[in-house]
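Here's the structure, in structure tokens; my notes come after.
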Amino acid sequence: MTVQESAARTRPVPAVEAEGIAKNYGSVTALKPTSFAIPAGSYFVLLGPSGGGKTTTLRMIAGLIRPTGGRVRINGADVTDLPADRRDTSMVFQGAALFPHMTVEQNVAYGLTLRRLPRDRIRSEALEMLKLVGLAGFERRRPHELSGGQQQRVQLARALVLKTSVILLDEPLAALDAQLRRDMCFELKHIQESVGITFVHVTHNQEEAMTVADEIALIADGELVERGTPEHMYETPERRFTAGFIGENTLLDGIIHGHGQEARLVIAEGLEIPLPNAPVGEGRPASVSIKSEDFRLAPEAVDAVSAPVEVVDVFYLGFSTVMHVRLPDGRPATVRSTTGALPTRFRSGDRAVLSWRPEAVRLHLA
């Protein structure tokens, strides 16, 4: 056995593996050839704008859509040609897709009933899952007697009770209000960690993704833009699109001038950002991003790099204050500061100085 063969045998088998999967609808490309592997037992989020291809990707994993090309494997087995009901997956849909004429217990037990398991086992397992999702005592209620969050928990219990190795969640929290969505994120993460099952979750909401994910795959315009941990995607995104989609960043485009320690990004006349040892040559177009919390707004410069600005809008949010400012060339920038740390209470129309540390600048070449 070669070293390569030995390594391949000892390498963990991914829970889900997509190899060049693609989907076309006639001349319209919903997903370009895309490959990724999802580790077993992880919480994996497909994040992106509406119409970007993330739900198409999830439905190809589920077997609800057949790929135009590529292969799908679950736990190492090629399932590309298998129907949805023969894959080791279960699904939680957007909105509460529950049977209105059934009780909560009957809804949760539905899949087990189709498997013709003994009645006492079905009841026992359904009640166990309801306890897990925090709905013990709700088994006799009907869906219309539940809140939106409770209905989604019933959907989750119905998926969990099947004990598949992968659970697919398609925008499961989209219909909930902001506070309930936040609470459900914490519950989903806790439940996933408790059962150890692989969750693959689709959402367009970055806060939702950051809360639950072990890894995020950002999908837009039918392609996988970037993949990484929430920390990577927020702190050190490689792609300009990622910086624009995740977090609250100011994006500035310009041309590289100079070399080595003298390299800088020229945004406009009189507005330059130092980029010492930038890994690109002079004359190359590039972008930088700076997080809103890495800016400091004051009557005068307080960091190594600064620019005069005009305050356009000020939004008091309690703990933090968000300010929209205009750079000398008219470009916008967003500043978020802890309210108590602001040296001055700025108003619309005020003149100020925007400052930032050189290390706060992230360079994007694509």
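Here the sequence shown is numbered in the UniProt record's numbering, starting from 1 and rising by one per residue.
Think of the CB as a built atom: it goes at the ideal place given N, C-alpha and C, for glycine as much as any other residue.
All figures in this text were calculated on a predicted structure; none of them were measured in a lab.
Rounded to the nearest angstrom, the Cβ distance from Val266 to Glu272 is 5 angstroms, consistent with a contact under 8 angstroms. Between Gly41 and Arg158, the alpha-carbon positions lie close to 19 angstroms from each other. By the Cβ criterion, the region 162 to 182 is not in contact with the region 133 to 142, since fewer than three pairs of Cβ atoms, one from each stretch, lie closer than 8 angstroms.
Contact annotation, Asp78 with Arg71: C-beta distance approximately 6 angstroms; criterion of less than 8 angstroms satisfied. DSSP, read as helix, strand or coil, puts Ser147 in coil. Within the region 212 to 290, the beta strand (DSSP E) runs of at least 3 residues that lie entirely inside it are, in chain order, 215 to 220, 223 to 228, 249 to 257, 264 to 268 and 271 to 274. In the DSSP annotation of this structure, the continuous segment of the beta strand (DSSP E) that includes Asp313 starts and ends at Val305 to Tyr316.
Fully enclosed alpha helix (DSSP H) runs of no fewer than 4 residues occupy 104 to 114 of the region 69 to 127, in order along the chain. In this structure the region 191 to 205 does not touch the region 115 to 129; the number of beta carbon pairs closer than 8 angstroms is below three. Between the C-alpha atoms of Ala263 and Leu98 there is a straight-line separation of about 60 angstroms.
With fewer than 16 other Cβ atoms from the protein chains shown falling within 10 Å of its own Cβ, Val28 counts as exposed.
With a cutoff of 7 angstroms on beta-carbon distance, Gly244 and Gly53 are scored as not near each other. Taking the C-beta atoms as reference points, Ala217 is found nearer than 7 angstroms to Leu224. Asn205 has its alpha-carbon roughly 24 angstroms from the corresponding atom of Phe295. Contact check for Ile122 against Leu112 passes: the beta carbons are separated by less than 7 angstroms.
Taken atom to atom, the span from the alpha-carbon of Arg357 to that of Ala84 is near 52 angstroms. Under the Cβ criterion (8 angstroms, minimum of three pairs), the region 346 to 354 counts as touching the region 306 to 314. Nearest neighbour of Pro143 by Cα position, chosen from Gly20, Ala18, Gln106 and Ala304, turns out to be Gln106.
Val104 and Ser320 have their C-alpha atoms spaced approximately 42 angstroms apart. Along the length of the region 25 to 76, whole alpha helix (DSSP H) runs at least 4 residues long occupy 54 to 62, reported in chain order. Shown here, His190 sits in a helix according to DSSP, grouped into three states.
Of all alpha-carbon atoms in Glu187, Gly148, Met184 and Val200, the one lying nearest the alpha-carbon of Ala175 is that of Gly148. A check of alpha carbon separations from Val325 across Gly318, Arg336 and His232 identifies Arg336 as the nearest. When C-alpha distances from Glu359 are compared across Pro276, Pro14 and Ala307, the shortest belongs to Pro276. With fewer than 16 other CB atoms across the displayed protein chains lying within 10 angstroms of its CB, Ser50 is exposed.
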